[in-house]
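So the sequence shown is numbered by numbering that gives the first Met the number 0: it starts at 0 and just counts up by one.
Idealized CB from N, CA, C, for every residue including glycine.
Down below is the structure, laid out as structure tokens.
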Amino acid sequence: MTLQSTNRTALLGRKLGMSQVWDDKGFFVPVTLVDVSTNVVTGVKTEETDGYKAVQLGYGQIDPTKVTKPLAGHFAKAGVTPRRHLVEIRTDNAEDFTPGQELSADVFADGAQVDVTGTTKGKGFAGTIKRWGFKSYRRTHGSHKNERRPGSVGACATPSRILKGKRMAGRMGHVTSTVQNLTVVSVDQASGVIAIKGALPGPKGGIVVLRSAVKGA
């Protein structure tokens with residue numbers, strides 16, 4: 000997975016679930032906890048060798064016997080133990096990083112604005128009402144079980160086909176989604192956990208990428 004970025008800080012982590020905290024004014028704040036305890040730089044791309052600048056981050060431990068030989072060699076070259084998840088971050092300051100460098104939770108400070116990217120929950124095959132929010136037909140005598148059907152989808156003589164992109168039934172969810180401008184409420188460097196205000200895409204235990212907000216506060 001490659002994510003576009005320009006001079007932005009990033010971490011790879013696992014969504015632990017939601018919790019709650021109270022701010023200085025005594026207001027209730029819902030937060031999502033993200034574990035970022037094992038981030039390490041596994042590779043650095045430069046203009047001279049690769050034609051672009053980027054930093055590859057690794058997260059999560061994995062049994063070395065379960066890693067392919069090419070990946071094992073890649074991790075050995077970086078001087079790190081094998082990692083389960085990898086992500087590549089485009090950044091203009093890639094030369095500031097070195098393979099084997101560890102990144103901790105304090106990369107982000109309290110109050111920082113971040114963009115969070117993850118994979119949404121898969122809902123399976125869904126109809127138009129659940130997938131797109133279509134209005135149902137009236138449930139009255141004689142409706143003949145048509146209340147949740149999408150209705151006519153054809154296009155008569157012109158253009159005599161269903162146009163691409165038409166909202167119809169199909170697979171729902173399990174797509175890459177980014178939520179922008181979320182606020183970092185607190186950072187626990189000792190445990191490697193970051194608390195972010197609000198909800199993040201994906202299920203509990205899902206992998207997410209935290210990046211400094213591209214649009215700022």
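At least 8 Å separates the beta-carbon of Thr41 from that of Lys52.
As for any beta strand (DSSP E) of minimum length 3 sitting wholly inside the segment 92-121, the runs are 112-118, ordered along the chain. Annotated three-state conformation of Lys14 is strand, per DSSP.
A distance below 8 Å separates the beta carbons of Asp109 and Ser185. The same chain holds no residue with a CB closer than 6 Å to that of Gly50 once the five nearest residues on each side in sequence are set aside. If you draw a straight line from the Cα of Val192 to the Cα of Val208, it comes to about 14 Å. Around the C-beta of Asn38, 16 or more other C-beta atoms lie within 10 Å, and the residue is accordingly described as buried.
Comparing C-alpha distances from Tyr58 to each of Gly201, Val20 and Thr80 shows the shortest one belongs to Thr80. Scanning the segment 128-175 for uninterrupted alpha helix (DSSP H) segments of 4 residues or longer gives nothing; none is fully contained. Within 10 angstroms of the beta-carbon of Asp34 lie 16 or more other beta-carbons, which makes it buried.
Counting other Cβ atoms within 10 Å of its Cβ, Phe107 reaches 16 or more and is therefore classed as buried. For Lys196, there is no enclosing alpha helix (DSSP H); the residue is found in the beta strand (DSSP E) stretching over Val192 to Lys196. With contacts defined by Cβ atoms closer than 8 Å, Gly204 and Thr31 do not form a contacting pair. According to the DSSP secondary-structure assignment, Tyr58 is paired through a beta bridge with His84. Within its own chain, no residue has a Cβ closer than 6 Å to the Cβ of Gly153 once the five positions on either side in sequence are excluded. Under the 8 Å Cβ criterion, the segment 10-18 does not count as touching the segment 171-179, having fewer than three qualifying pairs. Here Gln19 is bridged, per DSSP, to Pro29.
The residue from Thr119, Lys122, Ser36 and Leu199 with its alpha-carbon nearest to that of Ser103 is Ser36.
Check the Cα spacing between Glu47 and each of Ile61, Gly25 and Glu94: the tightest is with Glu94. Considering only Gly72, Ala212, Leu70 and Arg83, the residue with the shortest C-alpha distance to Gln60 is Arg83. Bounds of the alpha helix (DSSP H) holding Lys68 are Lys68 to Ala77.
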